[in-house]
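Here's the structure we're looking at; comments come further down.
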Amino acid sequence: MAKAPIETRLMNKAVDYLGRYASSQQRLSEVLGRFATRKLDQHDPDEIAAAIAATVTRCQALGYVDDDAFAQSQARSQRRQGRSQLAIRQRLRQHRLDDAVIDTALDVADQASANGELLAAYRFAQRRRLGPFDRRRPDEDDSNAIMQRQQRQLGAMARAGFSMAISRKVILLADPDSAAAFIDQLEHGEDPTL
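Quick note: the sequence shown uses this note's numbering, first residue 2, plus one each step.
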């Protein structure tokens, strides 16, 4: 049975899009919907909706799109970048993924580490040069300047989605060498005591 021209065009667009970007099923459906609105507006909307659903189903059957694998890949990548669980959850929800898929992805992302959230907080602090990684440390005599800087850094950690307890552990650590040792221990599955 020959495919309809609508399905052929949608499949070509889907393959082109998935060749460039990893995507969830819902995001692919939205992309195909926008494409159909621009390029296939002369066709019946019900026919287009059915063709989009068939194209997404076919892409899933062929293994081109897999919500579980996509969520796990995104969660692992974002954990390595130092993103909090809250930030990762929000980003995956933007891709219209189910909470069960998101929970599984976060569990998989944190399997290798003893405390994934703490490791992500250290990586965030290292990337943003906060706490022990701050190169512009004020004079140790000026306690007011130290407190103000710590408050600003705690605020940055909170805005990134980290809890106050974890943020304090990271920010109040004294030097970069001990922080690097904690990161190394966390990466190897050990739970360091602070």
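We treat Cβ as the ideally placed atom computed from N, Cα and C, and that holds for glycine.
Is the distance from the Cβ of residue i to the Cβ of residue j below 8 Å?
i, j, result
"residue 117", "residue 80", "yes"
"residue 131", "residue 170", "no"
"residue 52", "residue 8", "yes"
"residue 97", "residue 25", "yes"
"residue 87", "residue 57", "no"
"residue 168", "residue 155", "yes"
"residue 114", "residue 161", "no"
"residue 137", "residue 157", "no"
"residue 121", "residue 102", "no"
"residue 110", "residue 77", "yes"
"residue 90", "residue 75", "no"
Just curious, the alpha helix (DSSP H) that residue i is in, first and last residue?
i, result
"residue 109", "100 to 110"
"residue 20", "6 to 21"
"residue 66", "Counting along the chain, residue 66 falls outside any alpha helix (DSSP H), and DSSP gives it neither H nor E."
"residue 169", "165 to 172"
"residue 34", "26 to 40"
"residue 153", "144 to 160"
"residue 129", "117 to 129"
"residue 92", "86 to 95"
When you compare each of the options to residue i by their alpha carbons, which one comes out closest?
i, options, result
"residue 10", "102, 122 and 55", "55"
"residue 135", "144, 99 and 175", "175"
"residue 49", "64, 32, 63 and 148", "32"
"residue 39", "78, 60, 61 and 14", "14"
"residue 185", "127, 27, 60 and 148", "127"
"residue 12", "47, 61 and 166", "61"
"residue 148", "17, 172, 46 and 166", "172"
"residue 41", "64, 153, 6 and 99", "6"
"residue 65", "45, 16, 34 and 47", "16"
Just confirm the distance between the C-beta atoms of residue i and residue j, as a whole number of angstroms; I'd bet it's less than 8 Å.
i, j, result
"residue 124", "residue 83", "3 Å"
Is it the case that the stretch 178 to 186 contacts the stretch 97 to 106, given that we only count it when at least three CB pairs across the two stretches are under 8 Å?
Under the three-pair Cβ rule at 8 Å, the stretch 97 to 106 does not count as touching the stretch 178 to 186.
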